[in-house]
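Residue numbers (full-length UniProt numbering): 1 to 421.
Every residue gets a Cβ at the ideal spot worked out from N, C-alpha and C, and that includes glycine.
To start, the structure itself, in structure tokens.
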């Protein structure tokens, strides 16, 4: 994110001596993208940021995937992946944290989509594979990072650059419930779409949000703790080309007295997204919020809909020639899917090679609508996605036949069933 910030104590000139009150030299660390050729920040540590005293393997949550074959659209009921379903109590996930408790739903070589319901504090964690964009569906959390801390609540995207040491702490689970997090893990960087940015990186007037809507971390905090564990996800020999390692570092990594630059974690609330509307139905790119390598992230928010006198507000049927379309239904009533069993906590998988669109009864029912009250997060990928263990467990087994009303064994059964914990 090319939007300069400075926090804490930094020297007037980069790459020069910076000392504390007793004359001890701080350790300067450059955290930068694309081999010194893109956005970066400079952090000033009390300790040596590369110091290690131990390392051991970390067995990642199951990262195996299964091809979507035979090819078909699918309905995945994420709320069934954890005890209690949509009414999960904190006591039922008291030992689950946002990092180690993720269940892989879908994945390919570019991006992995996971879901977790968590009430426990996570360990310190660093993703060395790519950036993470975590959408907070429900609950609240304090995300502590080496740059400072972020407060995240329902509707927030939390953007965490690759290599950012951080941890998730659910806040007041008695009142807020456990944290429900939809985790988008890239093998690349995630940033605002280039079409929204000037050649110097400023968000332009036609963008549906601006820099004021991006909330960076608080001032960094120095902690004096010894022999601290950091869980690291990295490239390796495991499924999906991934592996995990626990590093033990001699000093707490939160020892930064100051930093400056254009690379840092931040939050953005879906409620600050300003929808673009028109006289007739607008295509999905107007809903785009972020992009990564070979995928985009869009959100559909409550909005006025098409105002042409003959407008059809729900989407037209469309063929995903180049992409898989993954829609996570967060809130409201999703007009185009009425009659299909889709509800809050659902994901639809519309793969490349299959034309899809509204349920037939939804088209006539939408005519004359002036507003849609819906909230959804969409990920479009440009390589096919495979099903993770969570996706296989959450599949309702009936969605593909809902447009026709009958499947290979007869009429489509009533909506229901699906995943169980």
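1. Suppose only complete runs of 4+ residues qualify. What are the alpha helix (DSSP H) ranges in the UniProt domain "Homogentisate 1,2-dioxygenase C-terminal" (295–391), listed by chain order?
2. If we count the other Cβ atoms within 10 Å of its Cβ and call it buried at 16 or more, is residue 244 buried or exposed?
3. May I ask you to report which of helix, strand or coil DSSP gives residue 286?
4. If residue 106 and residue 374 are in contact, beta carbons under 8 Å, what's the gap, nearest whole angstrom?
5. Kindly identify the DSSP beta-bridge partner or partners of residue 402.
6. Keeping to the same chain, check which residues put their C-beta closer than 7 Å to that of residue 95; ignore five residues upstream and five downstream.
7. Nearest by alpha-carbon distance to residue 267: which of 145, 199 and 174 is it?
8. Count the other CB atoms, across all protein chains shown, that sit within 10 Å of the CB of residue 75; report buried if there are 16 or more and exposed otherwise.
9. Just grab the DSSP bridge partners of residue 135 for me.
10. Take residue 123 and list the residues in its own chain whose beta-carbon comes closer than 7 Å to its own, dropping the five residues that flank it on each side.
11. Could you give the DSSP three-state label for residue 127: helix, strand or coil?
12. Mind reading off the beta-carbon distance from residue 182 to residue 300? Whole number of angstroms is fine, and I expect it under 8 Å.
13. Please work out which residues of its chain come closer than 7 Å, Cβ to Cβ, to residue 33, disregarding the five sequence neighbours upstream and downstream, and give them in chain order.
14. Would you call residue 317 buried or exposed, if buried means 16 or more other Cβ atoms sit within 10 Å of its Cβ?
15. Hey, how far is the Cα of residue 42 from the Cα of residue 125?
16. Based on Cα-Cα distance, which residue from 177, 131, 173 and 178 lies nearest to residue 158?
17. State the CB to CB distance for the pair residue 211 and residue 180, rounded to an integer number of angstroms; the pair is presumed to be in contact (CB under 8 Å).
18. DSSP three-state call for residue 230: helix, strand or coil?
19. Thinking just about the alpha-carbon of each residue, which of 196, 377, 382 and 200 is nearest to the one in residue 109?
20. By alpha-carbon positions, which one of 346, 220 and 117 ends up nearest to residue 149?
21. Near residue 174, what residues of its chain come up, given a Cβ to Cβ distance below 8 Å and the 5 sequence neighbours on each side ignored?
22. Is residue 80 helix, strand or coil when you go by DSSP?
23. Using 10 angstroms around the beta-carbon of residue 255, count the other beta-carbons present and answer buried if the total reaches 16, otherwise exposed.
24. Where does residue 216 sit, in a helix, a strand or coil, going by DSSP?
25. Can you name, in chain order, every residue of its own chain whose Cβ lies under 6 Å from the Cβ of residue 4, other than the five neighbours on each side?
26. Flag this pair as touching only if the region 49–64 and the region 359–377 have three or more C-beta atom pairs under 8 Å; answer yes or no.
27. Would you mind giving the Cβ-Cβ distance between residue 351 and residue 71, rounded to the nearest angstrom? I have them listed as a contact below 8 Å.
28. Return helix, strand or coil for residue 18, following the three-state DSSP convention.
29. Helix, strand or coil for residue 407, going by three-state DSSP, please let me know.
30. Give the range of the alpha helix (DSSP H) segment to which residue 174 is assigned.
31. Where do the N-terminal and C-terminal ends of the beta strand (DSSP E) with residue 119 fall, by residue?
32. Give me, in chain order, the residues of the same chain whose beta-carbon lies closer than 7 Å to that of residue 14; leave out the 5 immediate sequence neighbours on both sides.
33. Assuming contact is defined by CB atoms lying nearer than 8 Å, are residue 65 and residue 390 in contact in what I supplied?
34. Can you tell me which of 68, 404, 238 and 277 puts its alpha carbon nearest to the alpha carbon of residue 59?
35. Classify residue 400: buried if its beta carbon has 16 or more other beta carbons within 10 angstroms, exposed otherwise.
Inspection of the coordinates gives the following:
1. 360–366
2. Your numbering for residue 244 matches position 244 in the chain shown. It is buried - the Cβ of residue 244 has at least 16 other Cβ atoms within 10 Å.
3. Residue mapping note: residue 286 aligns to position 286 of the chain shown, counting from 1. In the structure shown, residue 286 adopts helical secondary structure according to DSSP, grouped into three states.
4. For the purposes of this step, residue 106 is identified with residue 106 of the chain shown, where counting begins at 1. For the purposes of this step, residue 374 is identified with residue 374 of the chain shown, where counting begins at 1. Actually they are not in contact, since the Cβ atoms of residue 106 and residue 374 sit about 21 Å apart, beyond 8 Å.
5. By 1-based counting over the chain shown, the position of residue 402 is 402. For residue 402, which the question treats as bridged, DSSP gives no partner whatsoever.
6. As a working note, residue 95 is residue 95 in the chain shown. Closer than 7 Å at Cβ, skipping near neighbours: 120.
7. Here residue 267 refers to the residue found at position 267 when the chain shown is read from its first residue. When only C-alpha atoms are compared, the closest one is 145.
8. Translated into the one-based positions of the chain shown, residue 75 becomes position 75. Buried: at least 16 other Cβ atoms inside 10 Å.
9. Here residue 135 refers to the residue found at position 135 of the chain shown. Per DSSP, 157 and 182.
10. In the chain shown, counting from the first residue as 1, residue 123 sits at position 123. Closer than 7 Å at Cβ, skipping near neighbours: 99, 167, 229 and 231.
11. Along the chain shown, read from residue 1 onward, the residue named residue 127 stands at position 127. In this structure, residue 127 counts as strand in the three-state DSSP scheme.
12. On the chain shown, residue 182 is found 182 positions in, with the first residue counted as 1. On the chain shown, residue 300 is found 300 positions in, with the first residue counted as 1. Actually they do not touch by this definition, with Cβ atoms about 14 Å apart.
13. The residue given as residue 33 occupies position 33 in the chain shown. Within the same chain, residue 33 has close Cβ partners 39, 40, 189 and 263.
14. Residue mapping note: residue 317 aligns to position 317 of the chain shown, counting from 1. Residue 317 is exposed by the Cβ-count criterion.
15. Counted from its first residue, the chain shown places residue 42 at position 42. Counted from its first residue, the chain shown places residue 125 at position 125. Using only the alpha carbons, I get a separation of about 20 Å.
16. As a position in the chain shown, residue 158 is number 158, starting the count at 1. Of the candidates 177, 131, 173 and 178, the one whose C-alpha sits nearest the C-alpha of residue 158 is 131.
17. In the chain shown, residue 211 corresponds to position 211, counting from 1. In the chain shown, residue 180 corresponds to position 180, counting from 1. The pair is not a contact, with the Cβ atoms about 28 Å apart (cut-off 8 Å).
18. The count along the chain shown starts at 1 and reaches residue 230 at position 230. Residue state, collapsed to three classes: strand.
19. As a first step, residue 109 must be located in the chain shown, where it is residue number 109. Of 196, 377, 382 and 200, the smallest CA-CA separation from residue 109 is found for 382.
20. The residue labelled residue 149 in the question sits at position 149 within the chain shown. Among 346, 220 and 117, the Cα nearest to that of residue 149 is on 220.
21. Along the chain shown, read from residue 1 onward, the residue named residue 174 stands at position 174. The residues are 90.
22. Here residue 80 corresponds to residue number 80 of the chain shown, with the count starting at 1. If DSSP states are grouped into helix, strand and coil, residue 80 belongs with the helices.
23. In the chain shown, counting from the first residue as 1, residue 255 sits at position 255. Residue 255 should be labelled buried.
24. Looking up residue 216 in the chain shown gives position 216. Correct three-state label for residue 216: coil.
25. Mapped onto the chain shown, residue 4 falls at position 4. Cβ within range, chain order: 262.
26. Taking a contact to require three or more Cβ pairs closer than 8 Å, the region 49–64 and the region 359–377 do not qualify as touching.
27. By one-based count along the chain shown, residue 351 stands at place 351. By one-based count along the chain shown, residue 71 stands at place 71. Yes, residue 351 and residue 71 are in contact; Cβ-Cβ is about 6 Å, under 8 Å.
28. As a working note, residue 18 is residue 18 in the chain shown. Reduced to three states, the DSSP call for residue 18 is coil.
29. Residue 407 sits at position 407 when you count from the first residue of the chain shown. Reduced to three states, the DSSP call for residue 407 is strand.
30. The residue labelled residue 174 in the question sits at position 174 within the chain shown. Residue 174 -> alpha helix (DSSP H) spans 173–176.
31. On the chain shown, residue 119 is found 119 positions in, with the first residue counted as 1. Per DSSP, residue 119 lies in no beta strand (DSSP E) and is assigned neither H nor E.
32. Looking up residue 14 in the chain shown gives position 14. Excluding positions up to five away in sequence, the list reads 42.
33. In the chain shown, residue 65 corresponds to position 65, counting from 1. In the chain shown, residue 390 corresponds to position 390, counting from 1. Cβ distance not < 8 Å, so residue 65 and residue 390 don't count as in contact.
34. Reading the chain shown from its first residue, position 59 is the one you call residue 59. Looking at the Cα atoms, 238 is the closest of the given residues.
35. The residue labelled residue 400 in the question sits at position 400 within the chain shown. Residue 400 comes out buried.
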